[in-house]
Amino acid sequence: MLRFLTFLIFLSFYALDQHASAKYYSKGKTKLPFYVLVKIPSGTCDSEYLRTSGVCVASNRACTRLNGTESGTCAMGYGICCLVTLNCATSPEVVKANGTHLVNPSNLKNQTSCEFQLPRPPGVCQVRLDFNNFNTSLGDQPFVGDCQTDTFNIVGADNTKYLGPLCGNLTGQHVYLDYGNSNTISLFNYISQAMGQTWDIKVTYIKCDSPDKAPPGCLQYYTDPSGTVKSFNFNGMQQLNNEDYTVCIKSQPGMTKITWNSCGGLNDFFITGTGAIAPPPGTDFPPITNPVSGNDCMYDWVMILGANKYCGNTFDGPVT
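Those letters in the sequence shown? Residues -22 to -1, 1 to 298, by mature numbering (1 follows the signal peptide of the UniProt record, and there is no 0).
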């Protein structure tokens, strides 16, 4: 099992930077209406539907053009909070609006293949995916290490070249995807056998000059001064093989160090795969029964920059 701790933060982005109100000018007994042009900011909003974020637009017509559903108001009541969802109705589905949710179809069938295309908008360098809900590989289709029956693949991002397929329980996770020189990032979600798998992935485009942009190469990025990092499918209690990625923490004013500790839960750190000789193909790596670090972690590990490589079933911390 690959289970390691570091940080789990859920970020929300809001862009309510301008608003205005209507006033009346009175001269004598006559009141003349004075209209103020209201600019509806482009950003996310709080939908009335199960606390899901939507897209703030100017009118019902704008929401209809996005194939969305009106769900409350935004921009001080002048805008419409539009809930935009794509559910594999066509292939590929093209994401046109910031804040779109990629969701499973209500009539999920065997051998379902969903492709979502994220064209690069002008001035955008990254896209963030928030896995509000993601649970696959259910029922009698368990997996050990390799995502085989159900797979989620990311294609076209500059920082996912060494990231293997994802599967299992990713609820609460997030990723930042760098466009690099690419104009389109594609997401492929394949379900082998329908057993109630569900997903709800929020898409947030991030402009090149945005303070929310993650450093280049960071698949995950956390900005709070404390928190928890979990490996993919930590909730599913199974290690995912062939995952090579970087987790970054934003430096805080006046702080010069980061301390990493075990969270203290049962099997909160458990990474297998060590030994001088690799096992035969199709054979699991032997379990590790004690803390291991450095060159003894030969196949699977967590590396803390400036410190060491760590594996085993106990984290050899705290590490600063």
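Note that CB positions come from ideal geometry on N, CA and C, so glycine has one too.
The model shown is predicted, which means the values in this text are computed figures rather than measured ones.
Compare the Cα-Cα distances from residue i to each of the options and report the closest residue.
i, options, result
"T298", "T224, T234, T51 and F166", "T234"
"K208", "L148, C103, T162 and Y56", "L148"
"N131", "A53, G195, P194 and C92", "C92"
"residue 299", "Y223, M54 and F247", "Absent from the model: residue 299. The displayed extent of the chain is -22 to 298, so no value can be given."
"E221", "K139, N65, V35 and M276", "K139"
"P99", "Q126, Y157 and G150", "Y157"
"T182", "N65, G77 and S31", "G77"
"G232", "G214, P203, F210 and N65", "P203"
"D187", "T90, G101 and C52", "G101"
Write down the C-beta distance between residue i and residue j rounded to the nearest angstrom, noting that I regard them as a contact closer than 8 Å.
i, j, result
"C59", "D24", "7 Å"
"V62", "G46", "4 Å"
"P296", "T237", "5 Å"
"K185", "C103", "7 Å"
"V81", "W177", "7 Å"
"I163", "L86", "Actually they do not touch by this definition, with Cβ atoms about 24 Å apart."
"A172", "N88", "5 Å"
"L165", "F94", "4 Å"
"G146", "N211", "3 Å"
"T129", "P143", "4 Å"
Who are the near neighbours of residue i in its chain, counting only those whose CB is closer than 6 Å to its CB and skipping five residues on each side?
i, result
"N219", "G123 and D124"
"V153", "L107 and L197"
"A75", "V33, L44 and V62"
"C41", "V35, E48, I58 and C60"
"G195", "N137 and T224"
"P83", "N65 and C66"
"L96", "V73, V105 and I163"
"G214", "G146 and N147"
"T68", "none"
"N167", "C92 and F130"
In the structure shown, what three-state DSSP assignment does residue i receive?
i, result
"N45", "coil"
"G272", "helix"
"R98", "coil"
"N111", "strand"
"A256", "The predicted model places A256 with a pLDDT of 46, which falls under 50 and marks its position as unreliable; any figure quoted below should be read in that light. In the structure shown, A256 sits in coil (DSSP, three-state: anything other than H, G, I, E or B)."
"N38", "helix"
"L64", "strand"
"D118", "No answer about D118 holds up, because its pLDDT of 49 lies below 50 and its placement is not dependable."
"K228", "coil"
"V73", "coil"
"Q104", "strand"
"N131", "strand"
"I58", "strand"
"I249", "strand"
"K235", "coil"
"C125", "coil"
"L(-15)", "Confidence at L(-15) is low in this model, with a pLDDT of 31, below 50, so its placement is unreliable and the value that follows should be read with caution. Correct three-state label for L(-15): coil."
"C91", "Correcting the residue type first, residue 91 is Ser in the shown sequence and not Cys. Here S91 sits in strand by DSSP."
"Y288", "strand"
"G50", "strand"
"S31", "strand"
"T22", "strand"
"L80", "strand"
Looking only at its chain, what residues have a beta carbon closer than 8 Å to the beta carbon of residue i, apart from the 5 residues adjacent to it on each side?
i, result
"N38", "E48 and I58"
"I282", "W238, Y288 and V297"
"N268", "G290, N291 and T292"
"N159", "D136"
"P193", "Y199 and C226"
"P70", "E93, F94, Q95 and S164"
"N111", "T149, T176, W177 and D178"
Among the residues of its own chain, which have a CB less than 7 Å from the CB of residue i, if the five just before and after it don't count?
i, result
"N286", "S271 and G272"
"S31", "S(-11), T22, C23, D24, S25, G77 and K180"
"D294", "P269, S271 and Y288"
"N161", "P97 and R98"
Indicate whether at least one CB of chain D lies closer than 7 Å to the CB of residue i.
i, result
"S271", "Within the model displayed, chain D is absent; a lone protein chain is all it includes."
With a threshold of 6 Å (Cβ to nearest heavy atom), would residue i be considered close to the ligand COA?
i, result
"K228", "No copy of the ligand COA occurs in the structure displayed, which carries no ligand at all."
Which runs of the beta strand (DSSP E) at least 3 residues long sit entirely within the segment 136 to 217? Give them in chain order.
152 to 156, 162 to 169, 176 to 185 and 198 to 200
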